[in-house]
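S.K.: Next up is a structure, given as structure tokens.
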Amino acid sequence: DFCDGGDMNEYLLSRKPNRKTNTSFMLQLSSALAFLHKNQIIHRDLKPDNILISQSRLDTSDLEPTLKVADFGLSKVCS
């Protein structure tokens, strides 16, 4: 998927802090990590540069950007 919002580092540095967006990001990231861990996957390189932002579903409504965890090169599947 193309993530038109760049990575989390770029996104956060280019905007003023927003409590609603930050809360949404934390909930999305927690959900993503819970999914990975439930499926025995450890990312091992989680950082702002590896969290991509998709704004494509944003329009005039009140929706927040979507996070996508990327770069699974160092990830490990546990058994």
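Okay, so the sequence shown: first residue is 1 according to the UniProt record's numbering, each after it adds one. By construction, the Cβ of each residue, glycine as well, lies at the ideal position given by its N, Cα and C atoms.
(1) For a test of the three-state rule: what should DSSP assign to residue 118, helix, strand or coil?
(2) Could you pull out every residue in the same chain whose Cβ sits closer than 6 Å to the Cβ of T66, ignoring the five residues on either side in sequence?
(3) Helix, strand or coil for L36? Go by DSSP, reduced to three states.
(4) Just checking my contact of residue 119 with I41 at CB under 8 Å: how many whole Å lie between their CB atoms?
(5) To the nearest angstrom, report how far apart S31 and G5 are at their CA atoms.
M.R.: Inspection of the coordinates gives the following:
(1) The requested residue 118 does not occur in the structure, where the chain is confined to residues 1 to 79.
(2) Locating residue 66 in the sequence shown gives position 66, where the first residue counts as 1. Beyond the five residues adjoining it in sequence on each side, T66 comes within less than 6 Å, by CB distance, of S54 in the same chain, given in chain order.
(3) To locate residue 36, count along the sequence shown from 1; it is residue 36. Here L36 sits in helix by DSSP.
(4) Residue 119 cannot be examined here, being either before or after the span of the chain that is shown, 1 to 79.
(5) What you label residue 31 is simply residue 31 of the sequence shown in a count that begins at 1. What you label residue 5 is simply residue 5 of the sequence shown in a count that begins at 1. Approximately 20 Å, taken between the alpha carbons.
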